[in-house]
DNA sequence: TAGATATTTCAAACATGACTGAAATATCTA
DNA sequence: TAGATATTTCAGTCATGTTTGAAATATCTA
């Protein structure tokens, strides 16, 4: 397979990962492409310029996206002495973090449910509706807490 | 507490639920408000007109949203003989369904990962990166499959 | 069937937020 | 320090998808 055929294949895969990120996690397309590329690129560490080039986005967009991705801990910024360009690589546990965060943010519903139960009083079908929601949303969190992923 | 104070409190709660739905599930605000209202309203069955009035949305918007919510099985449409209005109530297992669907849609990543492994061959750090992602994403699904929620 | 009321459709308005280009700034080499 | 290169900022553009009003349609009562 020629180099550019292989490159094409990589890019199509990156696009699939990006689509997945957009649908599942609500990330912007470019952010998804960056993550996809950082998963499959060689070498693992890439400069913003390299990434911008390969996924066809502007450097400006890369700047804000890389800041975001490093801020939330999905990507690590690497600097090398005597080199003015920064390099980025995806964190080993990036996806684990994504899922963990998602589970944690579900806990926001706990407070909402409590407030709801307070409003409708302690009895009746309204109470049941709220409790059902609360149980469903805490179910996964409890599961995850009891069965952490080991790698 | 006066009736309108109570109503205000209900509406503020509905707004919190809506915000949660928007952030966590990417639903439109009005869809979230409908779900919130259907969780806390009395009686549990409400007409599109009643809902539109209380959450301050147009009937047109209600039509499309109720169709959507019934189509995905979160809301049940109830018709009564000799009454031209349709009534809607939230399904008992609505939230369970939401979560279940979310977990199922994660499985899309399985195929993406397989394709990725195929592209990069069977060895090296690129393989590790893809496998790490795959493991994280299947972890929750396996957990959920092994420990279903009983109500 | 006629009249009244509720629902649905659809084109257009609107809001939101991603993305970019250009200018400003920072960081390196010589 | 001067020059070269990379990064960051920010205001404006653009695309996407939600919401609405108005007209058309359906469903009921008498």
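Residue numbers (our numbering), protein chains in the order written: chain A, 1 to 151; chain B, 1001 to 1151. The C-beta atom is built at its ideal place from N, Cα and C for all residues, glycine as well.
- Message: For a minimum of 4 consecutive residues, which ranges assigned as the alpha helix (DSSP H) are wholly contained in the segment 85-150 of chain A?
- Response: 94-106, 108-120, 124-146
- Message: I want to see whether chain A comes within less than 8 Å of residue 1096 of chain B, judged by CB atoms only; does it?
- Response: yes
- Proximity winner among A/10, A/2, A/127, relative to residue 1118 of chain B (alpha-carbon distances): A/10
- Query: Mind checking whether residue 1115 of chain B and residue 95 of chain A have CB atoms under 8 Å apart?
  - Reply: no
- Task: Using a Cβ-Cβ cut-off of 8 Å, state whether residue 1032 of chain B counts as contacting chain A.
- Result: no
- Message: Taking 8 Å as the threshold (beta carbon to beta carbon), is residue 8 of chain A in contact with chain B?
- Response: no
- Query: Taking buried to mean at least 16 other C-beta atoms within 10 Å of its own C-beta, is residue 31 of chain A buried or exposed?
  - Reply: buried
- Query: Could you give the C-beta distance for residue 1102 of chain B and residue 1091 of chain B, rounded to a whole number, given that I count them as a contact under 8 Å?
  - Reply: Residue 1102 of chain B to residue 1091 of chain B, Cβ: 16 Å. No contact.
- Task: May I ask you to list, following chain order, the residues of the segment 98-125 of chain A that have a beta carbon less than 7 Å from some beta carbon of chain B?
- Result: 99, 105, 106, 108, 109, 112, 115, 116, 119, 120, 125
- Message: I want to see whether chain A comes within less than 8 Å of residue 1136 of chain B, judged by CB atoms only; does it?
- Response: yes
- Is it true that the CB of residue 87 of chain A sits closer than 8 Å to the CB of residue 47 of chain A? yes
- Just to confirm, are residue 20 of chain A and residue 1144 of chain B a CB contact at a threshold of 8 Å? no
- Item | Cutoff 8 Å: residue 1143 of chain B Cβ touching any chain A Cβ | yes
- Per DSSP, residue 1047 of chain B is paired with what? B/1087
- Helix, strand or coil at residue 79 of chain A [DSSP, three-state]: strand
- Message: Strictly below 7 Å CB to CB, what residues from chain B border residue 24 of chain A?
- Response: 1105, 1106
- Buried or exposed: where does residue 1136 of chain B fall if 16 or more other Cβ atoms within 10 Å of its Cβ makes it buried? buried
- Of all the CB atoms in chain A, is at least one closer than 8 Å to the CB of residue 1027 of chain B? no
- Neighbour flag for residue 149 of chain A against chain B, beta carbons, 8 Å: yes
- Query: Using DSSP with H/G/I as helix, E/B as strand and the rest coil, what is residue 56 of chain A?
  - Reply: coil
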